[in-house]
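Counting from 1, position 72 in the sequence shown corresponds to residue 72 in full-length UniProt numbering; the numbering is continuous, with no gaps.
Think of the CB as a built atom: it goes at the ideal place given N, C-alpha and C, for glycine as much as any other residue.
Keep in mind it's a predicted model, so treat the numbers as computed, not measured.
A short write-up of the structure that comes next.
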Amino acid sequence: MVADQKYSSDISSEQEVIRYTEKLPQSLGLDEQNTRAYKALSRQIWALEKRLEDYYFEYVKLKKKVNLLKAELDDLDECVDRETVVDLIHEIVLSLIGKAGQKECKGSSYSSDSSKESDLVEMVRERKAVPHKQRRKA
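Shown next as structure tokens:
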């Protein structure tokens, strides 16, 4: 409703500007060609102002969305310690690379492989025992 009123007031103000631009050149004695050019330019200016206003509203909406996403990210950061996740992924990748390397070598023993896995499991348990907020500060 408010937007409709604003839009109708914009149209009436545009019409008022056009009427004024018609009278101004006549009173100044300018020719009809200048009058038409001035009208066209006035309409273009009004259209550009309207587009700028639309872009501003879009900017405000996007800014609100960004702020909501930032708040959501902060909430997620409290739940998950990125450093721990990266470390765990790193350890898992290294473990998988080690397994792939051992499969290529026929002379590798199974006991050293299970020993590495148990060490990895123990490291994960130790990390879970210490809350991530304390690990960050350390």
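Check	Outcome
Local conformation of residue 87 per DSSP, three classes	helix
Beta-carbon spacing of residue 21, residue 50 below 8 Å	no
Test item: CB-CB of residue 211 and residue 46 under 8 Å	Since the first and last residues shown for the chain are 1 and 138, residue 211 lies out of range.
Same chain, Cβ closer than 8 Å to residue 28, five either side skipped, listed in chain order	none
Where the alpha helix (DSSP H) containing residue 75 begins and where it ends	32 to 79
Cα-Cα separation, residue 42 to residue 52	15 Å
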